[in-house]
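> Quick one: this structure, given as structure tokens, is what I'll be asking you about.
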Amino acid sequence: MSSIAVNGADIYYELRGTGPPVVFIAGATGDAGHFERVADLLADEFTVLTYDRRGNSRSLRPDGWETTSVAEQADDAAALLSELGLAPAAVFGNSYGAIFALDLLLRRPGVVRSAVLHEPPMISVVGDPAAAQAGVGAAIQEGMAEGGPPAAVDRFFRFAVGDAIWDRVPTDLRDRMTSNGETLVGVELGSFESYRPDDSALAGITTPAHVLVSEDSPGYFHEVAAWLAGRVGVEVLRTPGSHTPQFDQPDELVRTVRPLLRVGT
0 MSSIAVNGAD IYYELRGTGP PVVFIAGATG DAGHFERVAD LLADEFTVLT YDRRGNSRSL
60 RPDGWETTSV AEQADDAAAL LSELGLAPAA VFGNSYGAIF ALDLLLRRPG VVRSAVLHEP
120 PMISVVGDPA AAQAGVGAAI QEGMAEGGPP AAVDRFFRFA VGDAIWDRVP TDLRDRMTSN
180 GETLVGVELG SFESYRPDDS ALAGITTPAH VLVSEDSPGY FHEVAAWLAG RVGVEVLRTP
240 GSHTPQFDQP DELVRTVRPL LRVGT
């Protein structure tokens, strides 16, 4: 459990295990704790890196940092891997993290051995983007009205994964996640969803990539997965659980991704 200065930010990270390196990139609220159980399970075979994305939890918000981008987030991951001597690594990205992992494949392939892209919220590729975003927008607005950014995070996750899953998240992690509301609502939300590489760039990816979707996730994530897999030239893979299987189905997620993380070793 340490911090390191990379790409203009102090990034908190955790390392577990030994073996080929794997990095997990979290989505909204960006906390390494999203993958604590998954990392513990995989540490028997891999060196597992998890980290708090910039401006989230223990990676303190840099002075003057008011906006972000897919490229900035991907460059943080690339710099972290390089500085820690872990490149090239297998990369697993969930939600926003899958968008950043995809950008690594396109712009920083030298740090990536293989990638698992789990449910990137690339809303611009679905048939009805407004409908796909409506529920999230309403949840955020309700939370802001009730109690500002922390309540907005609470409402966001209750909408995204359901009350039962959210209520089972450990209290300390849930507290850190809700404390990241200022970053999610004030900086990140709306910065990544329009990301859409052109077809020729996606077809040109040569690093092994896998597109993963959860069985219980809303239909638009399945739509995005089909769109992306078709352009990368792979089949859509499925895993049990919700949009955050690391919370509700961590053991099943590990069974799904373990062989994928071995690719290229």
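In numbering that gives the first Met the number 0, the protein residues as written are 0 to 264. Glycine included, every Cβ here is placed at the ideal spot set by N, Cα and C. Values in this document were obtained by computation on a predicted structure and should not be read as measured data.
1) Which of helix, strand or coil does DSSP assign to residue 96?
2) One question on the structure: do residue 244 and residue 199 come within less than 8 Å of each other, judged by their Cβ atoms?
3) Relative to the C-alpha of residue 77, which residue among 55, 54, 161, 111 is closest?
4) Let me know if residue 68 comes out buried or exposed under the rule of 16 or more other beta-carbons within 10 Å of its beta-carbon.
5) Mind reading off the beta-carbon distance from residue 148 to residue 180? Whole number of angstroms is fine, and I expect it under 8 Å.
6) Here's the rule I'm using: 16 or more other beta-carbon atoms within 10 Å means buried, otherwise exposed. How should residue 65 be labelled?
7) With DSSP collapsed to three states, give me the class of residue 219.
8) I'd like to check one pair, residue 264 with residue 108: are the Cβ atoms closer than 8 Å?
9) Going by alpha carbons, who is nearest to residue 105 out of 168, 259, 58, 204?
10) CA-CA distance, residue 91 and residue 141?
11) Which whole-angstrom value is the C-beta distance of residue 51 and residue 3, which I expect to be below 8 Å?
12) For residue 117, list the residues DSSP reports as bridge partners.
13) I need the DSSP call for residue 65, collapsed to helix, strand or coil.
14) Quick one: using the 10 Å Cβ neighbour count with 16 as the cut-off for buried, is residue 75 buried or exposed?
15) Hey, would you say residue 250 sits closer than 8 Å to residue 240, going by beta carbons?
16) Using a 10 Å radius around the Cβ and a threshold of 16 neighbouring Cβ atoms, would you call residue 193 buried or exposed?
17) Under three-state DSSP, which class holds residue 45?
18) Under 8 Å Cβ to Cβ from residue 190, same chain only, skipping five residues before and after it: list those, please.
19) Report yes or no: do three or more beta-carbon pairs, one from the stretch 219 to 238 and one from the stretch 11 to 30, lie closer than 8 Å?
20) Return the chain-ordered list of same chain residues with a C-beta closer than 7 Å to the C-beta of residue 265, the five sequence neighbours on each side being excluded.
21) Take residue 201 as the anchor and find which of 222, 233, 57 has the nearest alpha-carbon.
22) Nearest-angstrom Cα distance between residue 102 and residue 171?
23) Quick one: what's got a C-beta closer than 7 Å to residue 235's C-beta in the same chain, skipping five residues either side?
24) By how many angstroms is the C-alpha of residue 89 removed from the C-alpha of residue 258?
25) Which residues share a DSSP beta bridge with residue 267?
On the basis of the coordinates in this document:
1) helix
2) no
3) 111
4) exposed
5) 3 Å
6) exposed
7) helix
8) no
9) 204
10) 31 Å
11) That belief does not hold up - the Cβ atoms of residue 51 and residue 3 are roughly 12 Å apart, past 8 Å.
12) 93, 211
13) coil
14) buried
15) no
16) exposed
17) coil
18) 66, 67, 68, 69
19) no
20) Since the first residue shown for the chain is 0 and the last is 264, residue 265 is missing from the structure and cannot be characterised.
21) 233
22) 31 Å
23) 210, 212, 224, 225, 228
24) 11 Å
25) Only positions 0 to 264 of the chain appear in the structure, and residue 267 is not among them; the question remains open.
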